[in-house]
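One structure is given here, and the rest of the page talks about it.
Right, here's the structure in full:
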């Protein structure tokens, strides 16, 4: 009983203390901050994302097409190769796993890449085609040719076409064993 009386006395004292109008931390002194005024920006501002160019001037990027037998990557960078502009794969365009490396998926990926490049003001591409290479096959997969054709048909100008498949001068051991893969 004594504890309850002491507790109620201190709680009453605390409430008096907090509600006192001259106290700096009183509940009555807490008010909301004034609302911030937002400046309305003009709605019709022309924002150019890519480089500033004149009419008829070619702005080049580098399209790196990696066509394996499992997927096709169409990856556009700037000329140095450090900055990625757009990257779309065949697997992003089709649902079935078996269709990721198909020419149709590669064509859809290349069309998406070309549309994004045009938005950014890039109208010409150097092409670097790559197969798996190394220990794998040195021939590009089925999507390489259709990706290149789709880039050209979508209005991109083609600069140089180069094969950058990594070929080993002497490699680690290939899979398949001593007598090779037997069918």
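Residue numbers (mature numbering (1 follows the signal peptide of the UniProt record, and there is no 0)): -24 to -1, 1 to 159.
Positions of the beta carbon are idealized from the N, C-alpha and C atoms, including for glycine.
Nothing here was measured: the structure is a model prediction, and the numbers come from that model.
Query - Beta-ladder partner(s) of residue 60, from DSSP - result: Beta-bridge pairing links residue 60 to 53.
**Report entry** Length of the line joining the Cα atoms of residue 70 and residue 83
**Finding:** Cα to Cα, residue 70 sits roughly 11 Å from residue 83.
Query raised in the report: Could you give the residue range of the alpha helix (DSSP H) that holds residue 91?
Result: 79 to 95 is the extent of the alpha helix (DSSP H) around residue 91.
Query raised in the report: Residues in its own chain within less than 7 Å of residue 128 by CB, not counting five upstream and five downstream?
Result: These residues qualify, in order along the chain: 134.
Query - Residue(s) in a DSSP beta bridge with residue 42 - result: Beta bridge pairing from DSSP links residue 42 with 49, 106.
Report task. Tell me whether residue 104 is buried or exposed, calling it buried when 16 or more other Cβ atoms sit within 10 Å of its Cβ. Result -> Answer is buried; the Cβ neighbour count reaches 16.
**Report entry** Reduced DSSP secondary structure (H/G/I, E/B, other) of residue 21
**Finding:** Residue 21 falls in the coil class under three-state DSSP.
Query raised in the report: Along the chain, where does the alpha helix (DSSP H) that runs through residue 119 open and close?
Result: Its alpha helix (DSSP H) spans residues 119 to 129.
Query - Neighbour-count burial assignment, residue 56, 16 or more Cβ in a 10 Å radius - result: Around the beta carbon of residue 56, a 10 Å sphere encloses fewer than 16 other beta carbons of the protein chains shown; the residue is thus reported as exposed.
Query raised in the report: When burial is assigned at 16 or more other CB atoms within 10 Å of the CB, is residue 20 buried or exposed?
Result: So residue 20 counts as exposed.
**Report entry** Identity of the residue in 144, 101, 112 nearest residue 34 by Cα
**Finding:** The residue with the shortest Cα to Cα distance from residue 34 is 101.
Report task. With distances taken Cα to Cα, identify the nearest neighbour of residue 62 among 97, 11, 10, 76. Result -> Comparing alpha-carbon positions, the option among 97, 11, 10, 76 lying closest to residue 62 turns out to be 97.
Report task. Going by CA-CA distance only, name the one from 147, 46, 120 that's closest to residue 139. Result -> Of the listed residues, the one whose Cα sits closest to residue 139 is 120.
**Report entry** As assigned by DSSP and simplified to three states, the class of residue 139
**Finding:** In the structure shown, residue 139 sits in a strand (DSSP, three-state: E or B).
Requested in this report: Can you check DSSP and say which residues form a bridge with residue -19?
Outcome: DSSP output for residue -19 lists no bridge partner at all.
Query raised in the report: With a CB to CB cut of under 6 Å and the five nearest residues on each side skipped, what residues in its chain are close to residue 92?
Result: 62, listed in sequence order.
Query raised in the report: Can you give the Cα-Cα distance for residue 49 and residue 65, rounded to whole angstroms?
Result: Whole-angstrom Cα-Cα distance: 4 Å.
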